[in-house]
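**Student:**
Numbering (my numbering), first residue to last: 5 to 299.
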């Protein structure tokens, strides 16, 4: 009887430690890997493609786990970086994804965009310190581009787009450069992390998969593509963009990579398998001993 209770207590202790580590401690231990972006200027936390799960094709467990992970990682990243503003780059909910069309067999239609605008309002530019954020719609026509930002040499224009501007054809990117002439473009959609140098010929793309702070010159007009922050997007790494735009137009950027949720789920799975194996082994041993009259 003592051994039985010792075994049960051991399982409870291991279970408790696993839950505490995977659901709480891992987020704060992960902080040690992050490099502090200490640049002076406007501090922007970039959130891309969370695609929060809905009720279609998902159960309560998967929704709860995904929601809790997004909430925990966002809270830790926000407390660490202390942003002045949070920029959400689209695909906020899974069931609201592509609600104006433009992907697969679902074409983009102006009527869908009008419906979206009537429901949620027209997206407007926003000024923070010396930075003006200008949202653009990559899949709409060039005529929908906003006017050039404020006529002030001290104001830097930053273009916000869900779909990368410089990846899918040069014509639209040229319109952006001529009409807005941005200091920087921030986009998402690809679920991966990289930076595009549009002024280089041929176009140069560089992955950002480390924890380091990367600095960019103001005359490079780079496009930063932020990774998804959700582990449900089929990527091995995911996180939040930490961007600082200085009043002197110096740009510094790094990714606050989140701890792997897949590792935690795999550990849970192995632990359950081990527990099931041990329980089955003990039951079979008890049955054999009982059959032999030794129990």
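Glycine residues also receive a C-beta, built at the ideal position from the N, C-alpha and C atoms.
#1: According to DSSP, simplified to helix, strand and coil, what is residue 147?
#2: Excluding the 5 residues preceding and the 5 following residue 262 in the sequence, name in chain order all residues of the same chain whose CB lies nearer than 6 Å to its CB.
#3: Hey, out of 202, 23, 97, whose CA is closest to residue 268's CA?
#4: I'd like to check one pair, residue 202 with residue 225: are the Cβ atoms closer than 8 Å?
#5: Between which residues of its own chain and residue 229 is the CB-CB distance below 6 Å, once the five residues before and five after are set aside?
#6: Got a sec? Which residues, its chain only, sit under 6 Å from residue 147 by beta carbon, not counting five neighbours each side?
#7: Starting from residue 74 and walking both ways along the alpha helix (DSSP H), at which residues does that stretch end?
#8: Look up residue 246 in the DSSP assignment and give the residues it is bridged to.
#9: Return the chain-ordered list of same chain residues with a C-beta closer than 8 Å to the C-beta of residue 88, the five sequence neighbours on each side being excluded.
#10: If distances are taken between C-alpha atoms only, which option among 200, 250, 292 comes closest to residue 44?
#11: Give the DSSP-derived three-state secondary structure of residue 164 in the structure shown.
#12: I believe residue 253 touches residue 222 by the beta-carbon criterion, under 8 Å. Please report the beta-carbon distance rounded to the nearest angstrom.
#13: Among 57, 79, 159, 20, which one has its Cα closest to the Cα of residue 35?
#14: Between which two residues does the alpha helix (DSSP H) holding residue 30 run?
#15: In the DSSP output, which residue or residues are listed as bridge partners for residue 218?
#16: Using alpha carbons as the reference points, say which of 138, 173, 260, 175 lies closest to residue 159.
#17: CB-CB under 6 Å to residue 70, same chain, minus the five flanking residues each way: which ones, in chain order?
#18: Taking only the alpha-carbon atoms, compute the straight-line gap between residue 177 and residue 278 and give it to the nearest angstrom.
#19: Pick out whichever of 206, 63, 275, 18 has its Cα sitting closest to the Cα of residue 174.
#20: Run the CB neighbour count on residue 185, radius 10 Å, all protein chains shown included, and call it buried at 16 or more, exposed below.
#21: Taking the beta carbon of residue 271 as the centre, do at least 16 other beta carbons fall within 10 Å, making it buried, or is it exposed?
#22: Starting from residue 208, trace the beta strand (DSSP E) in both directions and tell me its first and last residue.
#23: For a quick check, are the C-beta atoms of residue 62 and residue 258 less than 8 Å apart?
**Tutor:** With the given structure in hand:
#1: Here residue 147 corresponds to residue number 143 of the chain shown, with the count starting at 1. At residue 147 the pLDDT is 48, less than 50, meaning the model places this residue with poor confidence; the figure from the coordinates comes in the next sentence. Here residue 147 sits in helix by DSSP.
#2: On the chain shown, residue 262 is found 258 positions in, with the first residue counted as 1. Excluding sequence neighbours, residue 262 sits near 77, 242, 243.
#3: Taking the chain shown and counting its residues from 1, one reaches residue 268 at position 264. Ranking 202, 23, 97 by Cα distance to residue 268 puts 23 first.
#4: If you number the chain shown from 1, residue 225 lands on position 221. If you number the chain shown from 1, residue 202 lands on position 198. Yes; because the gap between Cβ atoms is below 8 Å, this pair is in contact.
#5: Working through the chain shown from its first residue, we reach residue 229 at position 225. The residues are 168, 191, 194, 198.
#6: Translated into positions along the chain shown, residue 147 becomes position 143. Residue placement at residue 147 is flagged as unreliable, the pLDDT there being 48, under the threshold of 50; the coordinate-derived value follows with that caveat. The answer is none, since no qualifying residue turns up.
#7: Numbered from its first residue, the chain shown carries residue 74 at position 70. That run of the alpha helix (DSSP H) goes 64 to 85.
#8: Taking the first residue of the chain shown as position 1, residue 246 is located at position 242. BP columns for residue 246 point to 49, 258.
#9: Looking up residue 88 in the chain shown gives position 84. Around residue 88: 46, 47, 48, 132, 133.
#10: Taking the chain shown and counting its residues from 1, one reaches residue 44 at position 40. Answer by Cα proximity: 250.
#11: Your numbering for residue 164 matches position 160 in the chain shown. Strand, per DSSP.
#12: If you number the chain shown from 1, residue 253 lands on position 249. If you number the chain shown from 1, residue 222 lands on position 218. Residue 253 to residue 222, Cβ: 4 Å. Contact.
#13: On the chain shown, position 31 is the one that residue 35 refers to. Of 57, 79, 159, 20, the residue nearest in Cα terms is 79.
#14: On the chain shown, position 26 is the one that residue 30 refers to. First-last of the alpha helix (DSSP H) with residue 30: 30 to 33.
#15: Taking the chain shown and counting its residues from 1, the one referred to as residue 218 is at position 214. 257, per the DSSP bridge assignment.
#16: Mapped onto the chain shown, residue 159 falls at position 155. The shortest Cα separation from residue 159 among 138, 173, 260, 175 belongs to 138.
#17: Taking the chain shown and counting its residues from 1, the one referred to as residue 70 is at position 66. Cβ neighbours of residue 70 beyond the five flanking positions: 57, 236.
#18: Against the chain shown, residue 177 aligns to sequence position 173. Against the chain shown, residue 278 aligns to sequence position 274. The straight-line gap from Cα to Cα measures roughly 55 Å.
#19: Mapped onto the chain shown, residue 174 falls at position 170. Nearest C-alpha to residue 174: 206.
#20: For the purposes of this step, residue 185 is taken as the residue at position 181 of the chain shown. By the 10 Å Cβ count, residue 185 comes out exposed.
#21: In the chain shown, counting from the first residue as 1, residue 271 sits at position 267. So residue 271 counts as exposed.
#22: Along the chain shown, one-based indexing puts residue 208 at 204. Residue 208 -> beta strand (DSSP E) spans 208 to 211.
#23: Sequence index remark: in the chain shown, residue 62 carries index 58 (1-based). Sequence index remark: in the chain shown, residue 258 carries index 254 (1-based). No, the pair does not count as a contact, with Cβ atoms beyond the cut-off.
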